[in-house]
Amino acid sequence: MDHKSERINVTKAFLPPIEEYNSYLKKIWQNNQLTNHGPLLKEFEKEASEYLDVENFHFVTNGTIALQLALRSLDITEGEVITTPFSYVATTSAILWEGAKPVYVDIDPETLCIDSDKIEAAITEKTKAILPVHVFGNPCDIEAIDKIAKKHNLKIIYDGAHAFGVKYKNKPLLSHGDISICSFHSTKRFHTIEGGCVIAKDKKISDEIELIKKFGHIGDDHYRLGINAKASEYQAAMGLCNLKYIEENIQKRKEKIEIYNKLISNQMQRPKLNKETEYTFAYYPVVLESEEKLLDILNKLKNENIFPRRYFYPSLNTLPYIDKVQDCPISEDISKKILCLPLFEDLEESIINKICEILKS
1 MDHKSERINV TKAFLPPIEE YNSYLKKIWQ NNQLTNHGPL LKEFEKEASE
51 YLDVENFHFV TNGTIALQLA LRSLDITEGE VITTPFSYVA TTSAILWEGA
101 KPVYVDIDPE TLCIDSDKIE AAITEKTKAI LPVHVFGNPC DIEAIDKIAK
151 KHNLKIIYDG AHAFGVKYKN KPLLSHGDIS ICSFHSTKRF HTIEGGCVIA
201 KDKKISDEIE LIKKFGHIGD DHYRLGINAK ASEYQAAMGL CNLKYIEENI
251 QKRKEKIEIY NKLISNQMQR PKLNKETEYT FAYYPVVLES EEKLLDILNK
301 LKNENIFPRR YFYPSLNTLP YIDKVQDCPI SEDISKKILC LPLFEDLEES
351 IINKICEILK S
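Heads up: the sequence shown begins at 1 in the working numbering, then just goes up one per residue.
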């Protein structure tokens, strides 16, 4: 089949056999409970916690609300939060939405994660927390960040939107920090249609998250300001289906990446993977020579009905609604030149060959 007849996006949501999803739909019809912490949600939380080997796992509506819950549960509704400019906009918007100010620290040019050597210089008396991102599931410099946070009595919230199932030094990446969050959006390697999770280290904070995510009340007794972050039974059903295929899908993505690597790894700059990482192949980013080259390649791929994505563009420190632009030259430069190529389980080798031909030409 001519691939031009089918649009090839940067990612494609994995869908389990419809019969398996339907079996859960029948349970929803039988239970007649569509949301409000139904039995499927509880089952999914249990199974996901066991798969990830974490405690205090909360399944919520999406990854953005997960960040907001993390900030609110740690009482970070003012002051400054040190974060990275190289991420999806949700990392910044959650900080702003909760009433705090993002303070940007530039990134490491090799790993593309926040440069831990530059964090301490950005700390002021207003700093409340550090919110780094495990970019493309690549671990931040966890040891250095932990040391800085302890020295200055700061909280750590890790945005692990891409880090589902990643292990660092044989420990779940999402178990680090005071709180870690993950996204289960349909563009992610593991998805629940829409969704996300919050994982808290401390049980007391976990209980606070549980209260906040359901309007701050238990029964008719109201305890604090809350919000609606409750995921539905339909999202939980998709999660339960997709958990069964996670290891198989990781292997399939690994095979696609090996084809890319064989064809272009010697000619393309790629992010350097942190050592001792068990990676789960969420994305395939390449850093090009210039923005001009990137735009040319985008145009040529578009003519073939192939649509990669500019993850992450623009550098968040340049957003128009940030009070004051903070210089982050490395992030600003890389954000203009980086492209994530299509990567999903049933991506055909012929498409990868076509993409690599255009890149090399």
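For each residue, glycine too, the CB sits at the ideal point set by N, CA and C. On a predicted model such as this, the values are computed, not experimentally measured, just so you know.
- Three or more beta-carbon pairs drawn from the segment 63-79 and the segment 90-97 are found closer than 8 angstroms, and the two stretches are therefore classed as touching.
- In the three-state scheme derived from DSSP, where H, G and I count as helix and E and B as strand, A70 is classed as helix.
- With respect to the 9 angstroms criterion, S206 and H58 are classified as neighbours on the basis of their beta carbons.
- The C-beta of S331 has 16 or more other C-beta atoms within 10 Å across all chains shown, which makes the residue buried.
- Rounded to the nearest angstrom, the Cβ distance from H37 to K171 is 29 angstroms, too far for a contact under 8 angstroms.
- In this structure, E98 lies away from K126, with their beta-carbon atoms at least 9 angstroms apart.
- The Cβ atoms of F164 and F184 lie closer than 9 angstroms to each other.
- Between the alpha carbons of G216 and L343 lies a distance of about 40 angstroms.
- With distances taken between CA atoms, V103 lies nearest to A121 out of T111, E110 and A121.
- Straight across, the Cα-Cα distance linking I264 with I338 is about 15 angstroms.
- For E6, the CB contacts under 8 angstroms within the same chain, skipping 5 residues up- and downstream, are N305 in chain order.
- Around the Cβ of I18, a 10 Å sphere holds fewer than 16 other Cβ atoms; the residue is exposed.
- Just so you know, the alpha carbons of S73 and T192 end up roughly 24 angstroms apart.
- Excluding the 5 residues flanking it on each side, L131 has same chain C-beta neighbours closer than 6 angstroms at V81, T83 and I157, in chain order.
- Between C356 and Y260, the C-beta gap is smaller than 9 angstroms, which places the two residues in contact.
- Secondary-structure assignment with DSSP links E278 through a beta bridge to K167.
- L288 and D327 have their alpha carbons spaced roughly 22 angstroms apart.
- Taking every protein chain shown into account, the CB of S361 has fewer than 16 other CB atoms within 10 angstroms, so this residue is exposed.
- DSSP places S87 in no alpha helix (DSSP H); its state is neither H nor E.
- With three or more CB-CB distances shorter than 8 angstroms, the segment 231-251 counts as touching the segment 23-43.
- Of the candidates C340, I358 and V60, C340 places its Cα closest to the Cα of R310.
- Assignment of T127 by DSSP, reduced to helix, strand and coil, places it in the strand class.
- For L15 and N9, the gap between their C-alpha atoms comes out near 16 angstroms.
- Only buried fits S116, as 16 or more other CB atoms lie within 10 angstroms of its CB.
- When the beta-carbon positions are compared, T277 and I250 stay at least 9 angstroms from each other.
- Around the beta carbon of H176, a 10 Å sphere encloses 16 or more other beta carbons of the protein chains shown; the residue is thus reported as buried.
- The secondary-structure analysis by DSSP pairs N153 with nothing; it has no beta-bridge partner.
- The residue from L359, C113 and L294 with its alpha-carbon nearest to that of Q267 is L359.
- Assignment of L341 by DSSP, reduced to helix, strand and coil, places it in the strand class.
- Closest by C-alpha distance to C182, out of L154, V133 and L225, is V133.
- Taking 9 angstroms as the cut-off, the beta carbon of I227 is found no closer than this to the beta carbon of I199.
- Excluding five sequence positions before and after R270, the CB atoms of its chain that fall closer than 8 angstroms to its own CB belong to P285, V286 and V287, given in chain order.
- In this structure T124 is exposed. Its beta-carbon is surrounded by fewer than 16 other beta-carbon atoms within 10 angstroms.
- The three-state reading of DSSP puts V81 in strand, counting E and B together.
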